[in-house]
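Participant:
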Amino acid sequence: MLCQKCKQQEAVVHLTQIINALMVKFDLCEACAGSFGFPPTTTIEAGSTICSPDVQFAGKLTDLAVALGPNPRFPLLAYDFVRDAVDLGLRTDFRLRRDPSGPPRHISGAQLLLAFRELALQRFGKRARAALADWGILRTEDIGAIIFELVDARLLGKTENDKPEDFTNGYDFREAFPED
29 MLCQKCKQQE AVVHLTQIIN ALMVKFDLCE ACAGSFGFPP TTTIEAGSTI
79 CSPDVQFAGK LTDLAVALGP NPRFPLLAYD FVRDAVDLGL RTDFRLRRDP
129 SGPPRHISGA QLLLAFRELA LQRFGKRARA ALADWGILRT EDIGAIIFEL
179 VDARLLGKTE NDKPEDFTNG YDFREAFPED
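Everything in the sequence shown is counted per the numbering used here, starting at 29 for the first residue and increasing by one.
Structure, rendered in C-alpha cells:
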C-alpha cells in the first residue's frame with residue numbers, strides 16, 4: 029500500500045485517530061510519518077497526544093471527516109487535494125481570466141481543472157493518473173463531484189452560476205496525465 033500523503037513510497041506507519049466516534053486512518057511512509065513527528069523507531073502509547081509541525085495536516089483531514097460525515101464518496105486525501113488545487117488556482121494566473129465583476133475569491137470550473145492538473149503533475153509526476161485513480165478520481169466529473177460535496181459541507185462557496193456540468197468533459201485523463 030502506498031503512502032496516503034506522498035503517493036510515492038510504501039506505507040509502513042499506520043495511525044488511527046478517533047474523535048467523537050469518528051475514525052480517521054493514516055497510512056504513511058517513513059518520511060511522511062517523520063513529518064508528523066514520528067521517528068521510525070518510536071513506539072506510541074495508546075491515548076498519547078502527538079504534537080508535530082505537520083499536526084495541522086492531520087487536523088485538516090479530521091475537519092474534513094467531521095464535515096463530510098461517515099461515508100464520503102472519496103478518500104479524505106482526495107478532498108484535501110482538491111482544496112489545495114482551489115488554493116493554487118486562486119494564487120496563480122489560472123484566476124486572471126475571471127470576470128472582474130465576480131467575487132474576489134472565486135475561480136471557474138475550467139480554471140480549477142487547470143490548477144488541479146498542474147498540482148497533480150507537480151506532486152505526483154508520471155504517477156499522477158495512477159495516484160488519482162487510487163482515490164477514485166478518474167475523470168473531471170469526479171473533481172466536480174468533490175467540489176460540490178465540499179460546497180454542500182460548507183467548506184467551499186459557490187456562485188449562482190457554478191454547476192456540476194462545469195466539470196463535464198474538461199479533459200481526458202490519459203492525455204492530461206501521461207504515464208510515459
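We put the beta carbon where it would ideally sit given N, CA and C, even for glycine.
Model, not experiment: these values are computed from the prediction.
1) Using 8 Å as the threshold, is the segment 187-198 in touch with the segment 103-110, meaning 3 or more CB pairs across them?
2) In chain order, what residues of the same chain have a beta carbon less than 7 Å from the beta carbon of CYS60, not counting five sequence neighbours either side?
3) What's the C-alpha gap between PRO100 and ASP208?
4) What are the boundary residues of the alpha helix (DSSP H) that includes VAL110?
5) Would you mind sorting GLU203 into buried or exposed? The rule is 16 or more other CB atoms within 10 Å of its CB.
6) Here's a check: name, in chain order, each residue in its chain whose Cβ is nearer than 7 Å to the Cβ of LEU184, leaving out the five neighbours to either side.
7) Applying the 10 Å Cβ sphere with the 16-neighbour rule, what's the burial state of THR168?
Facilitator: Reading it off the structure:
1) Result no; under three Cβ-Cβ pairs closer than 8 Å.
2) CYS31, LYS33 and CYS34
3) Spanning the two alpha carbons is a distance of roughly 32 Å.
4) 104-119
5) Counting every other CB atom within 10 Å of its CB across the protein chains shown gives GLU203 a total below 16, marking it as exposed.
6) VAL114, ILE175 and LEU178
7) buried
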